[in-house]
Every structure is written in structure tokens, then in C-alpha cells.
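S.K.:
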Amino acid sequence: MSNQLKKYLLFALFVFISGVLNAQNNKLHIVSIEECATVPRLHSAYYLENYNIRSKNFISSNNGRSWQNKVISFPRYTYNDSNSRRTHVASLFSKKYGIIVHFINAIDKRNIGIKRTGELKEGIYNYYLRYYISTPFSTDYIADEVIKDKKAIDEKPFEGIVRGKNAYYLGDIGSNPIELSNGKILLPIQQTILKNGELYNPANTTSYTGARVLIGTINKLKTKIDWIASDLIEVSPEKSTRGLIEPTIIELDSGKLLMIMRGSNGGSLDRSFSIPGYKWFSISIDGGYSWSSSKPLKYDDGGELFSPSSMSRLFKSSKGDIYWIGNITDRNPKGNNPRNILVIGEISLKDYSLKRKSIVIIDSQKGNSDLSHFSVIEDRETENIVVCYPFDGKWKVVKLNQ
Numbered sequence: 001m002s003n004q005l006k007k008y009l010l011f012a013l014f015v016f017i018s019g020v021l022n023a024q025n026n027k028l029h030i031v032s033i034e035e036c037a038t039v040p041r042l043h044s045a046y047y048l049e050n051y052n053i054r055s056k057n058f059i060s061s062n063n064g065r066s067w068q069n070k071v072i073s074f075p076r077y078t079y080n081d082s083n084s085r086r087t088h089v090a091s092l093f094s095k096k097y098g099i100i101v102h103f104i105n106a107i108d109k110r111n112i113g114i115k116r117t118g119e120l121k122e123g124i125y126n127y128y129l130r131y132y133i134s135t136p137f138s139t140d141y142i143a144d145e146v147i148k149d150k151k152a153i154d155e156k157p158f159e160g161i162v163r164g165k166n167a168y169y170l171g172d173i174g175s176n177p178i179e180l181s182n183g184k185i186l187l188p189i190q191q192t193i194l195k196n197g198e199l200y201n202p203a204n205t206t207s208y209t210g211a212r213v214l215i216g217t218i219n220k221l222k223t224k225i226d227w228i229a230s231d232l233i234e235v236s237p238e239k240s241t242r243g244l245i246e247p248t249i250i251e252l253d254s255g256k257l258l259m260i261m262r263g264s265n266g267g268s269l270d271r272s273f274s275i276p277g278y279k280w281f282s283i284s285i286d287g288g289y290s291w292s293s294s295k296p297l298k299y300d301d302g303g304e305l306f307s308p309s310s311m312s313r314l315f316k317s318s319k320g321d322i323y324w325i326g327n328i329t330d331r332n333p334k335g336n337n338p339r340n341i342l343v344i345g346e347i348s349l350k351d352y353s354l355k356r357k358s359i360v361i362i363d364s365q366k367g368n369s370d371l372s373h374f375s376v377i378e379d380r381e382t383e384n385i386v387v388c389y390p391f392d393g394k395w396k397v398v399k400l401n402q
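Going left to right, the sequence shown walks through residues 1 to 402 as the working numbering numbers them.
#1: Considering only DSSP beta bridges, list what ARG130 is partnered with.
#2: Quick one: give me the first and last residue of the beta strand (DSSP E) that SER32 is part of.
#3: For the beta strand (DSSP E) holding ALA203, just list the boundary residues, first then last.
#4: Applying the 10 Å Cβ sphere with the 16-neighbour rule, what's the burial state of PHE137?
#5: Along the chain, where does the beta strand (DSSP E) containing ARG212 start, and where does it finish?
#6: Between which two residues does the beta strand (DSSP E) containing ARG85 stretch?
#7: Tell me whether SER310 sits in a helix, a strand or coil according to DSSP, three-state version.
#8: Quick test of your reading: ALA203 and GLY255, contact by CB under 8 angstroms. State the CB separation rounded to the nearest angstrom.
#9: Out of ASN50, THR135, LEU199, SER175, which one is the CA nearest neighbour of GLU122?
#10: In angstroms, rounded to a whole number, what distance separates the CA positions of ILE133 and SER230?
#11: Tell me whether SER318 is buried or exposed, calling it buried when 16 or more other Cβ atoms sit within 10 Å of its Cβ.
#12: Mind the definition here: the segment 231-241 touches the segment 275-293 only if three or more C-beta pairs lie below 8 angstroms; say whether that holds.
#13: Please list, in chain order, all residues of the same chain as ASP363 whose beta carbon is under 6 angstroms from its beta carbon, the five residues on each side excluded.
#14: Measuring only the C-alpha atoms, how far is ILE161 from ASP108?
#15: Please classify HIS29 as buried or exposed, where buried requires at least 16 neighbouring CB atoms within 10 angstroms.
#16: Can you tell me which residues form a DSSP beta bridge with VAL376?
#17: For LYS165 and TYR127, which I take to be in contact (beta-carbon distance under 8 angstroms), what is that distance rounded to the nearest angstrom?
#18: Considering only the beta carbon of each residue, do SER207 and THR217 sit closer than 8 angstroms?
#19: Let me know the secondary structure DSSP gives LEU252 once reduced to three states.
#20: Out of curiosity, what's the CA-to-CA distance linking ALA90 and ASN368?
#21: Residues in its own chain within less than 7 angstroms of ILE228 by CB, not counting five upstream and five downstream?
#22: What is the C-beta distance between ASN105 and LEU187, in whole angstroms, given that I count them as a contact (C-beta under 8 angstroms)?
#23: Can you tell me which residues form a DSSP beta bridge with VAL229?
#24: How about the segment 336-354 and the segment 295-311: do they share at least three Cβ pairs that are nearer than 8 angstroms?
#25: Taking only runs of the beta strand (DSSP E) that begin and end inside the segment 242-292, which ones reach a length of at least 3 residues, in chain order?
#26: Could you compute how far the alpha carbon of ASP144 sits from the alpha carbon of ILE225?
#27: Sort ASN69, VAL387, SER181 by Cα distance to GLY326 and report the nearest one.
#28: Hey, how far is the Cα of ARG262 from the Cα of GLU246?
#29: State yes or no: is the C-beta of SER284 within less than 8 angstroms of the C-beta of SER293?
#30: Assuming the contact rule is C-beta atoms closer than 8 angstroms, SER60 and ILE53 should be a hit. Round their C-beta distance to whole Å, please.
#31: When you compare each of ALA167, THR139, GLU159 to ARG130 by their alpha carbons, which one comes out closest?
#32: For ASP363, write down the residues that DSSP places opposite it in a beta bridge.
#33: Would you identify the three-state DSSP class for ARG65, choosing helix, strand or coil?
#34: What residues are listed by DSSP as bridge partners for ARG41?
#35: Quick check on DSSP: helix, strand or coil for TYR125?
#36: Is the beta carbon of LEU297 sitting closer than 8 angstroms to the one on PRO177?
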């Protein structure tokens, strides 16, 4: 047995025993695990009013027992059209206004290339964001607009962004929009950064980004949204060689906002992967317009929380608890890997740390298994937290009782 495998098994055993010993203190317990051959309808789904649930192309009026096909007729494109891309990444139902806002990573560039690799290469210069508005049960949209400051032009949508030179976009599905108690929409994004008019990438990695929040105000007619951008949140490349990526945010009962962001090590500045691989957090006390300096997310006992460069998600349950879902490791990661342990744990609101004894392992696998592309929703009937994710050519649906 290799030393690496021994370390993994000891770490998994430690977490398992800790979970058993602290079960009486743990609010979450796995109640079921299902495997699906196709994408579960609950993946990236969200509640409308009552027990109506909507996913990208389906609606359920009975809390997910049955589904109807409701494809929204967004403007179509194909990869044979080399001039544009429209990728639907996230949606939000506004409780205050009764509409759905859909968020789109867009790119308008000739000769991008048919393969997605060509799109990603061009994306760090050319990605920008659009939004659509629809009513809950419609198959059509009301608005199709560029997300930009209301006083800006399309080519310079926000301060510090020049389309064609740098980009602003959504990362993975963890960067979900939220609606504040005052009805404003917050969209956590990442943007590539210009230094002296050129794209900044100090470690020669895939990209170097900062995090930002776009704050939207819906008009009275519910047909348009005015946007303003928060300050840019950055961290030095000596602490995270790819900057801050894929922010996830939540509104706390105090009115403060908590943001957690993906970091990374590696690249030309860290070929030995010696920089600690952390998640980073920041706090806003003014509704998302300004944010504190980013700090590493740690365990509540002060221990280092190692996490690969992967998506994570903040989630607020109906009971008011704030949970973090993501990948953890027993040692310093190497860039994106390993992503073979997926956990959920409660955030301490005293110091915004992860309560070690609250951690529940959702799934663990050997080697370079990827358990990172998940979504989460709370079942309104059972109050179970439902996590959906792909693994090994199938899908898993894990339900946790609070």
C-alpha cells in the first residue's frame, strides 16, 4: 500500500470516527443516497411560490413528484455559429417581484472555434454577462440585456472592464445569485484584471481573476434591472496564484454578507505547490458595495482548512443555519486536485470559520475522482438538504436531514 493511499485512508477514518463521536452535536445526517443514469431534475433547480419548482427546462407543481417540460425560448445558437455564445449558468426567482432572472455567460467574437477549448481561451478576454427576465410559468422571455452600469456603454460595462481586453463572467454553478431582504439582487462574479492596459496573469496559469458583486435593482414594471458593481476583491498572487475565483455569497441574519472564494496554488510562481491551497472569505456590512480584505477560511479550532481549487457553495437552511459545501483535503492540494472528498459543514458566525465537529462527508472516493460540480436545494416538505452531483458517468442525489 502506497504512503499516499495510507494517508488518505487514515484521514477518511479520522473524519468518520469524529463524525460518529460527535453525532449528538451534529445537526446533519445523511438519510438517503440515490444513483441516477441521467441528470436529476433537482440539479440546479429552485423554488418558485408554494411547492412549485423550476429547473432549466422543467417545472414541477407538486414538490418534484412529477415534471412538465417548459423550455424557455432563449435566443438560439449553435457551435457552428462562430460569432456568438450564450451559456445559461444560473437563475433566480424574485420573491418580491414574482419574476425569474436568468444569467448568461456571453461571448461575441468571430472565429472562436467550434470546440469549447477555443471558447475558454477567448473567454478571459471576451466573456461578458447578459440577463433575461421571464415569468414563472412562461416559455418566453421579457428582457434580453447586457449587464452593465446604467451610465456605461457596452464596451466598458463597469469600471476596470474593457470588453475584448478583459472579461466579467460567472464561474461554476456555486456562484448563485441571491435576493436580499430589501429586494435587491446580488450576483457574485469573477473578472480578469488589466494592469497597464494588458491582461494580468502573473503565474502564467489559465487566468488570474478578482471577485466582485453586481447589485441589481428591478424596475417597477419588472422589465429591466439597473446594475452597479461593488469594489473588486483581490489577493496577491503570492497567496493565490490564480487570484480569487467563483465567489459564493449569503445574507446573514445580522444583515452582513459573507462571501467565500476559491483560491489556487501552482503555476510559474509556485511550481512545487508550496503555497497553501485555501478557500478565502470576505465580509460586507453595506449590502455588498464594499468588502473586507480576504482571509483564509479556517476550522473553528484554528486549524488550517486545505481545499483544492474547486467550486464551493454557501447555503442557508430554513432553520437559519449557514452551511458550506465543498472539497477538503488532508494535506496541501496541488492546484485543482484532489477533489475526492465532498463535505458539508456549518459556518461559525463568531469568526466565519468552519465548525470541524459539524462536518458530514457527503461522498469520498479514491484517487483523482472529481466530486466538485454539485448543486443544492432544500426540500420544503421534508426540510432535507438535497445535494446533486455527477460522478463516474452517473449522477448521485444525497439527502441530509437537519
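The beta-carbon is built from N, C-alpha and C at its ideal position, and this holds for glycine as well.
M.R.: From the atom records:
#1: ILE104, VAL146
#2: 29-36
#3: Neither: ALA203 is in no beta strand (DSSP E) and is coded neither H nor E.
#4: exposed
#5: 209-218
#6: 84-94
#7: coil
#8: Their Cβ separation, rounded to whole angstroms, is 37 angstroms, which puts ALA203 and GLY255 out of contact at 8 angstroms.
#9: LEU199
#10: 22 angstroms
#11: exposed
#12: yes
#13: LEU342, LEU371
#14: 16 angstroms
#15: exposed
#16: VAL387
#17: Going by Cβ atoms, the distance from LYS165 to TYR127 rounds to 12 angstroms, so no, they are not a contact pair.
#18: no
#19: coil
#20: 27 angstroms
#21: ASP149, ILE215
#22: Not confirmed; about 12 angstroms, so no contact.
#23: A small fix is needed here, since residue 229 is Ala in this sequence, not Val. The partner list for ALA229 (beta bridge, DSSP) reads LEU214.
#24: yes
#25: 245-251, 257-262, 279-284
#26: 11 angstroms
#27: VAL387
#28: 6 angstroms
#29: no
#30: 5 angstroms
#31: ALA167
#32: LEU342
#33: coil
#34: DSSP, once it has assigned bridges, lists no residue as partnering ARG41.
#35: helix
#36: no
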